[in-house]
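The next block holds one structure in the form of structure tokens; read it before the comments.
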Amino acid sequence: MEACQKRLIPDTYLIVDPLVEKVYSKLKLEHPNSPVSAKKHLPEDELRDAAFLDAVQTSVNKWISDIARVIKLQHDRLASPSGGKPDDAGSIAIREVNFFIAVEANLLSVRKQLEDPMVQFALEALRIGRRFLSTVSFEAHVELPDNLELVQSSLLLLRDLPIHALLNATTVEEISEAVEGLFNHMRRNLRKARRYPVYRAAVLMEDVSRDLLTQLNKVLHPKEGSTIMQLPYADFELLTGICRELCTQWADSARQFKQQLRDELKHRSGQSAERVPAKMRFAHEPLQDRINELRQFRKQHEQFVQTLDKVFVVVSGKDGGTVSAAATATKNTVVAAYDKVL
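Each residue of the sequence shown is one higher than the one before, starting from 2 at the first, in the numbering used here.
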């Protein structure tokens with residue numbers, strides 16, 4: 002998890018120029034019994050020293066650039082109309098969660114570093130050295146409290162998203178429970194995450210549907226080369242029937258969630274020009290259609306086999322065992338043809 006977060010968001014370090022560090026260390030030795038203050042302890046000649054002030058300003062400008070890069074990543078993410086493209090890296094929903102956790106960790110680290118005495122000394126030196134542009138720019142570009150509030154608001158929805166219950170599910174029943182848990186979580190926490198865009202919440206559930214498709218495919222193809230069409234008819238009906246119920250469960254929950262998104266937009270009226278997507282596109286829906294087609298095909302095939310059995314029994318009763326053997330051969334030909342279709 003930690004390594005993944007570091008790939009998503011680069012670490013930010015508030016590194017002080019060696020010249021500034023040298024001046025600070027000297028003052029710390031000269032004033033061991035009190036916190037070093039640029040206002041109290043920095044000599045006038047240092048405050049007029051262009052080299053010293055340039056070194057401080059260079060450090061602060063680098064901090065602004067590094068922090069602004071992370072903040073821009075967050076704002077770009079929230080403004081994006083999509084969650085990302087599926088690839089071999091795994092769940093897009095997991096990436097969404099990990100991204101905001103990584104942003105929070107980065108900004109919390111920056112906040113802690115800003116409390117460091119040497120960092121405070123550098124900022125204070127700029128202020129009293131009349132380098133107002135850099136200090137004002139730092140406060141304007143960083144806006145740390147607001148950006149922390151933004152990411153933490155988003156994490157009220159994302160942090161405890163129970164996506165792993167879905168990704169670890171090995172049966173349709175477990176998948177169904179996971180889907181119910183995911184929609185319940187979204188319904189409970191959407192209002193709390195007031196700064197997480199409504200359309201992003203819709204996109205998030207579209208991303209979750211990709212994970213649903215992945216897990217359903219694993220359940221429906223438990224072994225390489227095997228298909229559900231090779232199951233005994235009763236087992237096939239049971240498994241695909243449960244899958245169909247799961248898809249109906251998703252559709253009902255998604256419909257309710259979409260209405261909640263509309264209600265949430267009304268609650269946030271005036272905050273943004275957001276819209277709920279006219280149609281939420283779920284990756285598992287084509288599989289649902291395919292399952293329905295296969296159920297119809299298997300049903301017709303099963304009815305055909307049963308009809309053959311009835312006909313063969315009647316013929317066998319009239320003409321004896323010789324015709325019965327031929328009838329059995331005919332039935333076996335039908336079954337073999339079905340196997341070739343598979």
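C-beta atoms are modelled at their ideal positions from N, C-alpha and C, and glycine is treated no differently.
Cα-Cα, which of the options is closest to residue i?
i      : options                           : result
Gln75  : Ser66, Ala103, Asp55 and Ala194   : Ala103
Leu156 : Asn169, Thr241, Leu168 and Ala106 : Ala106
Ser81  : Tyr200, Thr334, His302 and Glu22  : Tyr200
Ala203 : Arg188, Thr308 and Leu214         : Arg188
Ala252 : Asp50, Leu151, Glu207 and Ala141  : Glu207
Tyr234 : Leu167, Lys300, Ser154 and Leu221 : Lys300
Gln95  : Ser60, Leu205, Thr215 and Asp12   : Reading off the sequence, residue 95 comes out as Ile, not Gln. Per the Cα distances, Leu205.
Ser110 : Asp12, Val24, Leu191 and Lys29    : Asp12
Ile16  : Met119, Leu262 and Leu54          : Met119
Tyr14  : Val220, Phe283, Glu181 and Asp117 : Asp117
Glu174 : Gln216, His142 and Leu151         : Gln216
Leu20  : Ser60, Glu97 and Ala39            : Ser60
Glu45  : Gly130, Asp264 and Leu266         : Gly130
Asn169 : Val180, Pro287 and Arg78          : Val180
Val209 : His186, His222 and Lys193         : His186
Arg245 : Met281, Thr334 and Glu286         : Glu286
Ser254 : His302, Phe237 and Met281         : Met281
Gln114 : His165, Leu145 and Arg49          : Leu145
Ile68  : Lys29, Val143 and Val98           : Val143
Gln121 : Glu22, Ala279 and Val98           : Glu22
Thr171 : Leu127, Asp147, Lys224 and Lys193 : Lys224
Pro278 : His268, Arg263 and Phe237         : Arg263
Arg128 : Leu48, Ile72, Cys248 and Asp161   : Leu48
Leu162 : Asn62, Thr334 and Val98           : Val98
Ser147 : Tyr25, Leu108 and Glu303          : Note that residue 147 is Asp in the sequence shown here, rather than Ser. Measuring from the Cα of Asp147, the nearest candidate turns out to be Leu108.
Tyr25  : Thr249, His222 and Ala123         : Ala123
Ala284 : Cys248, His222 and Gln231         : Cys248
Gly91  : Phe53, Asn62, Ile164 and Ile72    : Ile164
His302 : Phe237, His268, Leu288 and Lys259 : Phe237
Val71  : Pro36, Ile10, Leu309 and Ser270   : Ile10
Arg296 : Gln307, Leu232, His268 and Gln250 : Leu232
His268 : Pro36, Phe305, Lys193 and Leu54   : Lys193
Leu309 : Phe298, Ile93 and Thr334          : Thr334
Gln250 : Ser177, Val37 and Leu288          : Ser177
Leu288 : Asn218, Asp77 and Ile65           : Asn218
Just checking my contact of residue i with residue j at CB under 8 Å: how many whole Å lie between their CB atoms?
i      : j      : result
Leu149 : Arg195 : With 8 Å as the limit, Leu149 and Arg195 do not qualify as a contact, their Cβ atoms being about 15 Å apart.
Glu140 : Ala39  : No, Glu140 and Ala39 are not in contact; Cβ-Cβ is about 17 Å, not under 8 Å.
Pro198 : Glu275 : 6 Å
Phe101 : Val152 : 6 Å
Gln257 : Leu191 : Going by Cβ atoms, the distance from Gln257 to Leu191 rounds to 12 Å, so no, they are not a contact pair.
Leu167 : Leu213 : 7 Å
Ala56  : Asp18  : 4 Å
Leu28  : His42  : 5 Å
Ile93  : Arg211 : 6 Å
Within the present structure, is the beta-carbon of residue i separated from the nearest heavy atom of the ligand ADP by less than 7 Å?
i      : result
Arg296 : As far as ligands go, the structure on display features none, and thus does not contain the ligand ADP.
Report task. Go through the stretch 98-138 residue by residue and report every complete run of the beta strand (DSSP E) that reaches 3 residues or more, in order. Result -> none
**Report entry** Runs of beta strand (DSSP E) wholly within the stretch 33-59 (minimum 3 residues, chain order)
**Finding:** none
Query raised in the report: So does the stretch 229-249 actually touch the stretch 289-309, counting three or more Cβ pairs closer than 8 Å?
Result: yes
**Report entry** alpha helix (DSSP H) runs wholly inside the stretch 181-233, at least 4 long, in chain order
**Finding:** 199-221
Query raised in the report: What are the start and end residues of each continuous alpha helix (DSSP H) run of 4 or more residues lying completely inside the stretch 141-184, in chain order?
Result: 145-159 and 164-168
Query raised in the report: What residue ranges within the stretch 229-273 form continuous alpha helix (DSSP H) runs of no fewer than 4 residues, ordered along the chain?
Result: 234-268
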